[in-house]
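To start, the structure under review is shown below, and the notes come after it.
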Amino acid sequence: MNFPKRVTIELTNKCNRTCFECPRHKADMTEGFMYRGLFTKIINQLPASTTIVPFFRGEPLLHPHFVSMMNQLNRFSKVQLATNGDFLFKKDIRTAIMDNCTFFSLSLHECFLPSHTPYLRFFYEATGKLTTQVSILEKYLPQKHRKVFIESWRNHVDRVRIYKEHSRNGFGNMGTVTNQRCSKPFEEMVVFWNGQVGLCNHDWNGSYPLGDLNEMTIERVWNRVNYQGVRDLHESGLRRAVPTCEFCSFLNNKVYGKLVCTT
1159 MNFPKRVTIE LTNKCNRTCF ECPRHKADMT EGFMYRGLFT KIINQLPAST
1209 TIVPFFRGEP LLHPHFVSMM NQLNRFSKVQ LATNGDFLFK KDIRTAIMDN
1259 CTFFSLSLHE CFLPSHTPYL RFFYEATGKL TTQVSILEKY LPQKHRKVFI
1309 ESWRNHVDRV RIYKEHSRNG FGNMGTVTNQ RCSKPFEEMV VFWNGQVGLC
1359 NHDWNGSYPL GDLNEMTIER VWNRVNYQGV RDLHESGLRR AVPTCEFCSF
1409 LNNKVYGKLV CTT
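Converting from the sequence shown to my numbering requires adding 1158 to each position, the first position being numbered 1.
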């Protein structure tokens, strides 16, 4: 492939919350916002069939140009967004999400029933326009409340996701570490807010830089020897020789945790 199938574009790694379970607290990173010109340069290089994920490590709705940047994504067939929902009260933000996203995930940080949240207006407006999901950590959802929580939210969203943790160490360790081939180096690209290209969305530290999109094209980065070297090691059953992959157990694109769908 000349281009990745899925590109994560980090609008910002800043966040208005300080959730202890988030891997942000273990990441060594400088905070900032992606320059709008760089964002435009990146998306203009990608075919419309690319799945765009406009968030990573931070709260994307914090970006001062979030609305206009989202509106630039209207030609892409798949746009997947996750947020803590703290800024959904702004009408222009809600409209930009509904007009340009195909998938929306709301991260809850407490065991709230729908009637006890300010999000119902958004989900009502979004019905029929995009696939919606509520996501919550298992530790926030006591077993005795789980059935009521799921049944209540299923009346308003398409999917309810309950997961144990982001990962054991915050950087991809979901279980037994493996040397098997992972799908991510062959299908996905992650672009940090400063234009640096990271290995995948478990590379929270950007510890394995693959290129700089301020100076290089996506096609060049995707096909250069740095990326191919990672792929060769994965194909040879030596993925643990890659520093970022050494303690990672991720294999293929899948949803970790329990996923309950309404359809």
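Think of the CB as a built atom: it goes at the ideal place given N, C-alpha and C, for glycine as much as any other residue.
Cβ pair residue i, residue j closer than 9 Å
i: F1213; j: L1239; result: yes
i: R1339; j: R1397; result: yes
i: R1319; j: S1263; result: yes
i: V1379; j: L1391; result: no
i: I1251; j: F1224; result: yes
i: S1265; j: I1308; result: no
i: F1144; j: T1289; result: Here the chain covers residues 1159 to 1421 and nothing more, so residue 1144 does not appear.
i: T1321; j: K1416; result: The residue asked about is misnamed: residue 1321 is Tyr in this sequence, not Thr. Cβ distance < 9 Å, so Y1321 and K1416 count as in contact.
i: T1208; j: F1280; result: no
i: R1317; j: C1173; result: no
With 16 other Cβ atoms within 10 Å as the buried cut-off, status of residue i
i: F1178; result: exposed
i: C1180; result: buried
i: P1343; result: buried
i: V1211; result: buried
i: C1406; result: buried
i: G1364; result: buried
i: A1206; result: exposed
i: M1192; result: buried
i: M1227; result: buried
Rounded separation between residue i and residue j - CA only
i: N1352; j: E1268; result: 32 Å
i: T1170; j: P1218; result: 6 Å
i: T1402; j: V1348; result: 13 Å
i: F1386; j: L1231; result: A small fix is needed here, since residue 1386 is Gln in this sequence, not Phe. Q1386 and L1231: Cα-Cα distance of roughly 29 Å.
i: Y1302; j: Y1282; result: In the sequence as presented, Tyr is not what sits at residue 1302; that position holds Lys. Between K1302 and Y1282, the C-alpha separation is close to 28 Å.
i: I1167; j: F1350; result: 6 Å
i: K1248; j: D1257; result: 14 Å
i: S1394; j: T1176; result: 40 Å
i: G1356; j: L1204; result: 17 Å
i: L1409; j: S1341; result: 6 Å
Three-state secondary structure (DSSP) of residue i
i: M1187; result: coil
i: S1293; result: strand
i: Y1282; result: helix
i: M1347; result: strand
i: Q1238; result: strand
i: D1316; result: coil
i: S1407; result: coil
i: G1364; result: coil
i: Y1298; result: helix
i: L1231; result: coil
i: G1243; result: coil
i: V1400; result: coil
i: R1164; result: strand
i: G1395; result: coil
i: V1211; result: strand
i: G1387; result: helix
Limits of the unbroken alpha helix (DSSP H) element including residue i
i: F1307; result: 1301-1311
i: L1417; result: Careful: L1417 lies outside any alpha helix (DSSP H), inside the beta strand (DSSP E) at 1416-1419.
i: E1377; result: 1376-1381
i: G1195; result: 1194-1202
i: R1252; result: 1249-1258
Interface flag, residue i vs chain C, CB-CB below 9 Å
i: F1234; result: Protein chains in the displayed structure number just one, and chain C is not present.
Residue range of the beta strand (DSSP E) that includes residue i
i: L1266; result: 1261-1266
i: Q1354; result: 1354-1356
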